[in-house]
Every structure is written in structure tokens, then in C-alpha cells.
Amino acid sequence: MIWMGEEFADYHGKAMDPQKIDWTLLANERNQELREHYKKMIHLRRENSALHRNDLTFFYEHVADGILAFVRWDDSAPGRQVVVIANFRDQAHDPHEVANFPDGDNWKDWLTGEAVEVKDHKWIGTLAPWQARVFVRG
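The working numbering applies: residue 2 is where the sequence shown begins, and numbers increase by one.
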């Protein structure tokens, strides 16, 4: 859940009393970038039917590296899939191979729009510290 203003890094402790949002933060480039990131993610949630369902499969985990990957899909819309690969560590993994990647062509990185190459059910790529990559198909 996004609490008022957190989509552009205006953080306030949770309280019942009214708190003003510091809209001046949007004058900063990094705050604008964070807001745009949230806008893209909200758009994905609203528009991709795979995220409207409860279908979820964890298909990869590497405990030592802190990496977890899962896929969400929509059976009523064949090919509609979302894959998330998350790095839960403060160290980069470059490269890292994720096995058991779901079948299918035409994967793209949701945030960059770049094509994603998957060969033999494997994705090989870079994960920055604490980064989650979001790939979509369909």
C-alpha cells in the first residue's frame, strides 16, 4: 500500500491526525523519477489481467544470493503473464542465471520496454542491489 506522498518519497509516520503532503518534493528529479516508476507499476496492475487473478507460481529461488522469481498469469487470456525476479540482498548479481523461466516468446522489461532474451527456459541478466525486475508477455 502506498501512503499519501510515498509515491514521490514524501514520508510521514502513519498517524490519524492530518498531515500535509510536501508537493515541493516533485521539483526534484529523483522524486519525479520515483513518481513515474509508481505510475508505470500502477498502470501494469490496472491493465494486465494476469495481476487481477490469484494464479501464482514461484519458479526459482537462490537462498544464498537472496533471489526469488515468480510468475502470475491469466488462463482466460492465453499468453498474459508477468514475471518478477527480485534481489533481496545489498549486492549486485552480474550476471545471474534464473532457471525454469516460463515458456513463451516476446518478453519485455516492463520498466524499460527492452526485449528480454530467454533461451532454454533461462534468463541471464543483471540484478542491482534490492532490485526487482518485472517482465511481461502478451
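Idealized CB from N, CA, C, for every residue including glycine. Model, not experiment: these values are computed from the prediction.
Taking buried to mean at least 16 other C-beta atoms within 10 Å of its own C-beta, is residue i buried or exposed?
{"i": "Q92", "result": "exposed"}
{"i": "N29", "result": "exposed"}
{"i": "Q82", "result": "buried"}
{"i": "N101", "result": "exposed"}
{"i": "F59", "result": "exposed"}
{"i": "P130", "result": "exposed"}
Once DSSP output is grouped into helix, strand and coil, what is the label at residue i?
{"i": "W24", "result": "helix"}
{"i": "Q132", "result": "coil"}
{"i": "K41", "result": "helix"}
{"i": "E115", "result": "coil"}
{"i": "R138", "result": "strand"}
I need the straight-line Cα distance from residue i to residue j, nearest angstrom please.
{"i": "Q20", "j": "E34", "result": "23 Å"}
{"i": "D110", "j": "P96", "result": "16 Å"}
{"i": "K123", "j": "R138", "result": "15 Å"}
{"i": "E37", "j": "V135", "result": "15 Å"}
Could you name the residues that DSSP lists as bridge partners for residue i?
{"i": "N88", "result": "I68"}
{"i": "L57", "result": "R73"}
{"i": "E62", "result": "L69"}
Assuming residue i and residue j form a contact by the criterion Cβ under 8 Å, report the distance between their Cβ atoms to the nearest whole angstrom.
{"i": "L128", "j": "K41", "result": "In fact, because the Cβ distance is near 19 Å, the residues do not count as touching under 8 Å."}
{"i": "R73", "j": "L52", "result": "6 Å"}
{"i": "N88", "j": "G67", "result": "6 Å"}
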